[in-house]
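What follows is the structure in structure tokens.
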């Protein structure tokens, strides 16, 4: 099975993240940020990736480091679990109409990273989470 565990410790965060790419979509997530946990749980459900993630961050300062470092740890664990990427096509895309939006995701597993972010959010916060942090996650 394609599994990996990452431990990431910085001055601002302590993170343990385990993924099972061949899972059933079981989340066990605790970041200390309710809406962020909810979004990561939805990612598990829709991707069928099992994720165990515990984050202890400097949320008394703000949520930036928690969200950014959690995204980094999740990405690292997925890349590690993919290993040599055998059986993975280099490119992929997906559209989904969900609630009141149409989302598009286009991926290239070549290892060259770039994010194109064309998102207009009408809200400054969802729950306790600043919406500007969504981009920081990626």
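In my numbering, the protein residues as written are 11 to 148.
Beta carbons are placed, not taken as given, at the ideal position from N, Cα and C, and that holds for glycine.
These numbers come from a predicted model, not from an experiment.
Requested in this report: Consult DSSP for residue 123 and reduce its assignment to one of helix, strand or coil.
Outcome: coil
Requested in this report: In the DSSP assignment, find the unbroken alpha helix (DSSP H) run with residue 52 in it and report its ends.
Outcome: Its alpha helix (DSSP H) spans residues 44–57.
**Report entry** Selected residue, minimal CA-CA separation from residue 145, among 128, 132, 137, 133
**Finding:** Nearest Cα to residue 145 within the set 128, 132, 137, 133: 128.
**Report entry** Residues of its chain near residue 118, where Cβ-Cβ distance is below 7 Å and the 5 sequence neighbours each way are ignored
**Finding:** 100, 101
Requested in this report: With residue 16 as the anchor, note down where its beta strand (DSSP E) starts and where it stops.
Outcome: 13–19
Query raised in the report: What residues in its chain sit with their C-beta under 6 Å from that of residue 15, if we drop five residues either side in the sequence?
Result: 28
Query raised in the report: What are the start and end residues of the alpha helix (DSSP H) that includes residue 76?
Result: 74–92
Query raised in the report: Do you know how far the Cα of residue 69 is from the Cα of residue 63?
Result: Their Cα atoms are separated by approximately 16 Å.
Query raised in the report: Of the residues 36, 42, 83, 94, which one's Cα is nearest the Cα of residue 139?
Result: Of the candidates 36, 42, 83, 94, the one whose C-alpha sits nearest the C-alpha of residue 139 is 42.
Query raised in the report: What does a CB cutoff of less than 6 Å around residue 24 pick up in its chain, not counting 5 residues either side in sequence?
Result: 66
**Report entry** Reference residue 153, options 104, 12, 84, closest by Cα
**Finding:** The shown model of the chain, from 11 to 148, leaves out residue 153, and the question about it has no answer.
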